[in-house]
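Asker:
Protein chains: 4
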Amino acid sequence: MSCSFGEKVKVTIFGQSHSEAIGVVIDGLPAGKKLDFEQIEKFMSRRAPGKNKFSTARKEADLPKIISGIADGVTCGAPLCAVIENGDTRSKDYENLRAVPRPAHSDFAAFFKHNGFNDIRGGGNFSGRMTAPLCFAGAVCMQFLQDDGIEIGAHIEKIAGIKDERYDSVNVDFKNVKEKEFPVLDDKQGEKMREKIEQARLDADSVGGVIECAVTGLPVGLGEPMFGGVENVISQAVFAVPAVKGIEFGSGFDGSDLKGSENNDAFSLSEGKFVTETNNHGGILGGISSSMPVIFRVAMKPTPSIGKTQKSVNLITREETEVCVHGRHDPCVVPRAVPCIEAAAAIAIMNLR
Amino acid sequence: MSCSFGEKVKVTIFGQSHSEAIGVVIDGLPAGKKLDFEQIEKFMSRRAPGKNKFSTARKEADLPKIISGIADGVTCGAPLCAVIENGDTRSKDYENLRAVPRPAHSDFAAFFKHNGFNDIRGGGNFSGRMTAPLCFAGAVCMQFLQDDGIEIGAHIEKIAGIKDERYDSVNVDFKNVKEKEFPVLDDKQGEKMREKIEQARLDADSVGGVIECAVTGLPVGLGEPMFGGVENVISQAVFAVPAVKGIEFGSGFDGSDLKGSENNDAFSLSEGKFVTETNNHGGILGGISSSMPVIFRVAMKPTPSIGKTQKSVNLITREETEVCVHGRHDPCVVPRAVPCIEAAAAIAIMNLR
Amino acid sequence: MSCSFGEKVKVTIFGQSHSEAIGVVIDGLPAGKKLDFEQIEKFMSRRAPGKNKFSTARKEADLPKIISGIADGVTCGAPLCAVIENGDTRSKDYENLRAVPRPAHSDFAAFFKHNGFNDIRGGGNFSGRMTAPLCFAGAVCMQFLQDDGIEIGAHIEKIAGIKDERYDSVNVDFKNVKEKEFPVLDDKQGEKMREKIEQARLDADSVGGVIECAVTGLPVGLGEPMFGGVENVISQAVFAVPAVKGIEFGSGFDGSDLKGSENNDAFSLSEGKFVTETNNHGGILGGISSSMPVIFRVAMKPTPSIGKTQKSVNLITREETEVCVHGRHDPCVVPRAVPCIEAAAAIAIMNLR
Amino acid sequence: MSCSFGEKVKVTIFGQSHSEAIGVVIDGLPAGKKLDFEQIEKFMSRRAPGKNKFSTARKEADLPKIISGIADGVTCGAPLCAVIENGDTRSKDYENLRAVPRPAHSDFAAFFKHNGFNDIRGGGNFSGRMTAPLCFAGAVCMQFLQDDGIEIGAHIEKIAGIKDERYDSVNVDFKNVKEKEFPVLDDKQGEKMREKIEQARLDADSVGGVIECAVTGLPVGLGEPMFGGVENVISQAVFAVPAVKGIEFGSGFDGSDLKGSENNDAFSLSEGKFVTETNNHGGILGGISSSMPVIFRVAMKPTPSIGKTQKSVNLITREETEVCVHGRHDPCVVPRAVPCIEAAAAIAIMNLR
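Taken in sequence, the protein lines are chains Z, A, H and X.
Residue numbers are given in the working numbering: position 132 of the first sequence equals residue 154, and the series is strictly consecutive.
Residue numbers are given in the working numbering: position 329 of the second sequence equals residue 351, and the series is strictly consecutive.
Residue numbers are given in the working numbering: position 201 of the third sequence equals residue 223, and the series is strictly consecutive.
Residue numbers are given in the working numbering: position 4 of the fourth sequence equals residue 26, and the series is strictly consecutive.
1. So what's Ala-79/Z in DSSP terms, helix, strand or just coil?
2. Give the interface partners of Glu-29/X over in chain A, defined as CB-CB distance under 7 Å, in chain order.
3. For the beta strand (DSSP E) holding Ala-236/A, just list the boundary residues, first then last.
4. Answer yes or no: do Cys-354/X and Ala-222/X have a C-beta to C-beta separation smaller than 8 Å?
5. Quick check: the Cα distance between Gly-231/Z and Ala-265/Z, rounded to an integer number of angstroms?
6. Show which residues of chain A have a CB atom less than 7 Å away from the CB atom of Asn-140/H.
7. Measuring only between beta-carbons, confirm whether Val-316/A sits less than 8 Å from chain Z.
8. From this set, Glu-344/H, His-351/H, Ile-371/H, Gly-308/H, which residue's C-alpha is nearest Phe-133/X's C-alpha?
9. For a contact defined as C-beta to C-beta under 9 Å, what are the partners of Arg-340/X on chain H?
10. Say whether chain A places a C-beta atom closer than 8 Å to the C-beta of Ser-24/H.
11. When you compare only the Cα positions, how much space is there between Asp-2/A and Asp-208/A?
12. Report the three-state DSSP secondary structure of Ala-366/H (helix, strand or coil).
13. Name the two residues that bound the continuous beta strand (DSSP E) containing Val-105/X.
14. Check whether the region 236-251 of chain Z touches the region 170-180 of chain Z, taking contact to mean three or more Cβ pairs, one atom from each stretch, closer than 8 Å.
15. Within 10 angstroms of the Cβ of Thr-97/A, are there 16 or more other Cβ atoms? Answer buried if so, exposed if not.
16. Just checking: is the beta-carbon of Val-335/H within a distance shorter than 8 Å of some beta-carbon in chain X?
17. Gln-332/Z versus chain A: which residues are under 7 Å apart at the beta carbon?
18. Grouping DSSP H, G and I as helix and E and B as strand, with all else coil, what is Gly-37/H?
19. So, at 8 Å on beta carbons, what are the nonlocal neighbours of Cys-346/Z in its own chain, with the 5 sequence-adjacent residues on each side left out?
20. What is the DSSP secondary structure of Arg-319/H, reduced to helix, strand or coil?
21. Counting only Cβ pairs nearer than 8 Å, list the residues of chain X close to Val-47/Z.
22. Give the single residue among Asn-336/H, Glu-253/H, Arg-375/H whose Cα lies nearest to the Cα of Val-320/H.
23. Let me see if you follow: with CB-CB separation under 8 Å, is Glu-253/Z close to chain A or not?
24. Checking contacts by CB at 8 Å: is Lys-281/H closer than that to chain A?
25. Would you verify that the beta carbon of Val-360/A is, or is not, closer than 8 Å to some beta carbon of chain H?
26. Our contact map puts Ala-154/X next to Met-66/X with C-beta atoms below 8 Å; I'd like the distance itself, whole angstroms only.
27. Report all residues from its chain with a CB closer than 7 Å to the CB of Ala-62/X; omit the five preceding and five following residues, and keep chain order.
28. Would you report the Cα separation of Val-356/A and Ala-365/X, rounded to the nearest angstrom?
29. Tell me, please, whether the CB atom of Ser-39/X is closer than 8 Å to any CB atom in chain H?
30. Just grab the DSSP bridge partners of Ile-174/H for me.
31. Looking at the structure shown, is His-98/H part of a helix, part of a strand, or coil, going by DSSP?
32. Does the Cβ-Cβ distance between Pro-125/X and Asn-286/H come in under 8 Å?
33. Mind listing the chain Z neighbours of Val-192/A? Cutoff is C-beta to C-beta under 7 Å, in chain order.
34. Taking Asp-49/H as part of the alpha helix (DSSP H), name the residues at either end of that continuous run.
35. Give the straight-line distance between the Cα atoms of Val-3/Z and Ser-290/H, rounded to the nearest whole angstrom.
36. Of the choices Lys-323/A, Phe-296/A, Ile-48/A, Asn-302/A, whose alpha-carbon is the least far from that of Ile-317/A?
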């Protein structure tokens, strides 16, 4: 537990926002698979910053360099290591933050956890930038999952209170969200969300939201009762994405208001296959996959970094003070977090099979 | 992952609803601690069934028998094993369920996972009864945590849409909920919830709800970034409790509708101690404990077992059919799940220290 | 790490020599297997004490009671828990040992590890008695392995310097050692060993020895490079057996005196199957199984408990003193350890597949 | 298990002999430690090839590049990643080995494990070159251990049957072996070993040997009974070093020929400290450290790569054939393996504390 996840396909992530590089080691991948690196880069570009006014101005090449694990163009059974260089770093932006933690950021906790020796530059290893190797690992895992007919897709379900439609949880239609610059099912609602984000940017403020993710094509029977259930494993992976503060499966929190007769999903046969007629269980029964789509939603808090002056404390002088975050930051990280949630789901599923 | 949780204090749970017994092994407890077994039994009685009309009629002594780990009345450093006998079992109630799975139950997934060899009696090892050893383990862990000033308490936050008040997340007042037969902060709201449960019982239906849990007294700095954060670890533990379908920390899903300027918690000094003035972060920053109370809420689906006839399928003959669950079952498991959530939190915290 | 072993089939052992009971939880066994309990008891009886004058006089029923994991007579996918009661205990024999540790025993280290709270009775959880649940787990694993044509057998290779013959490492012939009261390949040598043991008993002394174990029928390709190799995993399991102080694979320590041209095993074809003509590699190349028999030998120190007066210290008064061990003990544990080594190998192999 | 070791300080090694680079991630190091990189490089140079005629001609810069984990010159609590580039590779040397495995090498097992997709160049991730990142990790761990007074040293105990003296196991004197080009205690014996190695080189053959390692300054009480003992953990780490085929602690295999009255170590007081008068137990009692020096020896087989023509098989055509290894190789890897064994011990000890 910590920078590593999984026992079957172990994903180990390393690096800090402003260290020499960041990267990931993926151990346990089957040998003999030709990875589609173009597809991986395309996937990673969905989380890359700097592509439009809604995201931080930091430019990142973010092209992973393969260090090991490939021979003759295919996976060779050795751990796959990829490294992404940290090019465009402006470390001086952060020096003054060591003593004065930014509200809602990791600074405060990291300072005490590491006795003041934590890497403060860019959030160190708490940075959202650590999701780049996570996305690389997720993209790799997805190519193995796709071979077995498993698809993973996510979309923005809500930003600043503006709701997108939800997936049809019985017959999920991913609707090419992965091709969209702004990943929503209903582009009109997406337009309203963008306005909210732009307004937050103008206000030197930020907004949060909810992401919905679906996994289709899973066989029945994945997961273990108690601590190894599909919910346990996916949630352990998903909380690795910074700003995630909640997760719900199937009907989730809304379902807790329903009666059993409303929330229970009737079984039936469809084309010779056992299905449920509704999918309030989110594809998971007793912690085990039911073969229906796994559906979950994650709550993301508004970006902690805002341009407003905020109350804080000086950890050295032990005085109350103020802080104003001047660095680059997104008014809303939800759009860029969509592939991160997919990636977390992918590495979770790889470890459940 | 599976029946075991944790690396520092490893909790391994075994048993099925109708096996000879159920139990737990707790490895890694410090030696030399005199356990208060009266307190443990009191804790476990909070989840015990059969104490009132709101819970299943099954009588369980549920008194754990200590097999190992104690010498001269104190923990001796060896794994602590406790076993709870399964006395009052009526296995014949369940025989007809093997082929016809109950909607929203584990039956369907367990059948395929184990090729039809799963123990169908009482839900086998998917049974809610497995939370008895979980509660034992949690009660043991709590006694170690209390020695360090850490308290864990939970209450019903909602049942059938009826809301209790929430904890003051900055200054948590547990309000003796643990002493109450019906664990709510506001007894008037509790009364309304009870009426909803009674109505569900009369309707042969069931209701769900939300439980709120607080952990106070944590030091700053627990947890690891990425996969070992406080959220990751608590959620992995909490989803071990059957019927849990969601979890949120701090302002959670509601917080995702707020602006950064609203959701960020300002730091200040209080009696020489660094605090936050609000606690939307739920005591967790960057996955690490901030020393503010950890606050989380879990969504519990309505009890799957209801007295109504429901659509199902016959897994052997592969035909559509109906099922009516005649066994004993609670119209609402939320009250009995309150100590289970506390227990899951306790074993999670033990592994974060 | 500690009382648990394995990630695929996790074996968790609990109990102390004089606690209520000892036992084991085995998680991850495939469902649907009818276990042959007669065979398990027969296996366990090979390590049981009290069967002849060469082993301790303590009587143990040692019949494991199945607590969970079986339904309708077959494994059901739930963790299999078995408990063995500790009947015939004479705790008063040991009370005086808390302050004065027995040389070469765990007493000294356990005292400091657990701040004096360790269970001193019978060696607590350091007792050789903890190999009873290990043997149970091994016997269970063996039945799964046998279904795939994998056999495990061990014999005494040496006691007090008297050598048995070794297995033909290319074509292992187990020679019904499991049926023998004194498990050697060459009964004449066994007779000499027995004389040495009897002499040690008369001298109030003890002797040690070496056990050789073979695993046949393994497929090629088990194990992982670096830390997950067959040697790594088997040795981690085998050192769980008390008194083991060394392990070697294939030609082992003797092989380190050979030249490469002597020690290398030439590949050839035999009946269309790739084999090596010799087996100095002990069935393991680069940490990975080669499909040749896995051969290893373990060194067991002489029983630490002897009837002679020995120099020791008083841990409380911090003075030099003497100790004489009056309790029951074997002059040689090697014969009874033979099935323990087989059991350790079995649980290791189960986790390598 | 596999490329990762440890739960407290997790060491993850990646790379292949001829991949872009090799490296290691070390997670769990305390923050705030200034690492002495000069000392690390000095340590690593002890295993580096090409420094004299006894080792392979391959030149390796082997200077690790720090990717992450350091900020302001000290460890910052984030995983420490170091990468070593693979510069001087001659991949064409190995192409013909894919179908025809070298005797005693990993080629055969790796081919089947990875369905023929293993990286054959230089042994892929089975290469002895993977001990370079192991040594880096060990050197880092050693600096933390030294702060607590723990020292680790090893020497060649035997090569080709020529014996060095052994450590005085009660009062270990490391005798500056680390400064020596040929790490033996008795240089005269070392000279004889060198002659044996030179003779093997001239004969296109190879020799093996034994390495003895001591760990001093350990506190009493490290390790866990059963599977987490000091022997279990060290042996799991040490078998990661290629060519290791055996390990023994304390009096080891020789001790199994002794009587209890000879092998037991009497306790006494020395300068107010509890000690044993002899150290046949190798500093480990019941799996737990006794505070006496931990002493162990490992058997290393002769280098599998020899210049002689050997019998082999063609895995593709399934015919018997011959193979002659033309690549660069050491006639004896034992001298270079000495720091590797120290490194394995260091990462083991870091995970036992």
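Every residue, glycine too, gets a C-beta built ideally from N, C-alpha and C.
Answerer: To lay it out plainly:
1. Because the pLDDT at Ala-79/Z is just 47, under 50, the model does not fix this residue reliably, and the value given afterwards should be weighed accordingly. Here Ala-79/Z sits in coil by DSSP.
2. Glu-29
3. Counting along the chain, the beta strand (DSSP E) containing Ala-236/A begins and ends at 231-238.
4. yes
5. 10 Å
6. Ala-53, Cys-98, Gly-99
7. no
8. Gly-308/H
9. When 9 Å is used as the limit between beta carbons, Arg-340/X is near these residues of chain H: Leu-291, Gly-294, Phe-296, in chain order.
10. yes
11. The shown model of chain A, from 23 to 375, leaves out residue 2/A, and the question about it has no answer.
12. helix
13. Bounds of the beta strand (DSSP E) holding Val-105/X are 102-107.
14. Judged by Cβ distances under 8 Å, the region 236-251 of chain Z makes contact with the region 170-180 of chain Z, as three or more pairs qualify.
15. In this structure Thr-97/A is buried. Its beta-carbon is surrounded by 16 or more other beta-carbon atoms within 10 angstroms.
16. Val-335/H counts as touching chain X.
17. Asn-286, Ala-288
18. strand
19. The residues Gly-329, Lys-330, Thr-331, Gln-332, in chain order, have a CB closer than 8 Å to that of Cys-346/Z in the same chain once the five nearest residues on each side in sequence are set aside.
20. strand
21. Cys-25, Thr-34, Phe-36, Val-47
22. Glu-253/H
23. yes
24. It does not: the Cβ of Lys-281/H has no partner Cβ on chain A nearer than 8 Å.
25. Val-360/A does not count as touching chain H.
26. The C-beta distance from Ala-154/X to Met-66/X rounds to 7 Å, short enough to fall under 8 Å.
27. Going by the sequence as given, residue 62/X is Ile instead of Ala. Closer than 7 Å at the Cβ level, and outside the excluded window around Ile-62/X, lie Phe-158, Ala-161, Val-162.
28. 53 Å
29. no
30. Val-237/H
31. Here residue 98/H turns out to be Cys, not His, going by the sequence shown. In this structure, Cys-98/H counts as coil in the three-state DSSP scheme.
32. With respect to the 8 Å criterion, Pro-125/X and Asn-286/H are classified as neighbours on the basis of their beta carbons.
33. Those within 7 Å of Val-192/A in chain Z number zero; the least Cβ separation is about 14 Å.
34. Looking at the DSSP string, Asp-49/H is not in any alpha helix (DSSP H); the run it does join, the beta strand (DSSP E), is 43-49.
35. No answer is possible for residue 3/Z: the residues shown for chain Z start at 23 and end at 375.
36. Asn-302/A
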